[in-house]
Amino acid sequence: MDKGIWIAGVIALAVLILLFVRSTDDEKEGSPPPVPAPARQPESGVREESLQCPVCSGYGHVMVQGRTGMTRRICEFCSGQGGKILRIPPGHVRCPDCQGFGKLPRQGEGTSFALCGRCNGRGYIRTPFQPES
Ligand SMILES: [Zn+2]
Ligand SMILES: [Zn+2]
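Quick note on my numbering: the sequence shown kicks off at 141 and runs consecutively.
What follows is the structure, encoded as structure tokens:
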């Protein structure tokens, strides 16, 4: 009968001690833990860059002239995503021509696109000025 209360008391005490130890540890810390320098990418790491769609400016839709005036249409360049995540393998950089999308919007035609000839649609090219192996 009393045993249950006793055990509960011990547990409560243990929790209190734990909390006390933790809080004093926090006080001792003083400064936040050092943030590891993100200077180097991991050797096998693939860089991820988020790209904003140049056609719809990230909105995912464009306004086009329809029969009844301006209508909203899904941006076909980014499939309504507003952009995309480009995964760039080591030794490569984002394609400067298509900005990583692998295709280029054709002037004048809102929904027609040309494959980027510089990166062949991959969105990235080999790092410039890298000695040929
Ligand atoms: Zn778009
Ligand atoms: Zn390109």
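Beta carbons are placed, not taken as given, at the ideal position from N, Cα and C, and that holds for glycine.
Query: C-alpha gap between GLN181 and PRO245, whole angstroms; Result: Residue confidence for GLN181 is low, a pLDDT of 48 falling below 50, so the modelled location carries little weight; the figure read from the coordinates is stated next. Using only the alpha carbons, I get a separation of about 32 Å.
Query: Member of GLY261, GLY209, GLY231 whose CA lies at the smallest distance from the CA of GLU237; Result: Looking at the sequence provided, one finds Asp at residue 237 rather than Glu. The shortest C-alpha separation from ASP237 is found at GLY261.
Query: Whether LEU226 touches GLY263 by CB criterion (8 Å); Result: yes
Query: CB contact flag (PHE217, CYS193, <8 Å); Result: yes
Query: Sequence-distant residues of the same chain with beta carbon closer than 8 Å to MET203, five excluded per side; Result: MET210, THR211, ARG212, ARG213
Query: Assigned secondary structure, GLN181 (DSSP; H/G/I helix, E/B strand, else coil); Result: Note that GLN181 scores 48 on pLDDT, short of 50, meaning its location in the model is unreliable; the coordinates nonetheless yield the value given after this. In this structure, GLN181 counts as coil in the three-state DSSP scheme.
Query: VAL186 versus GLN205 - alpha carbon distance; Result: 41 Å
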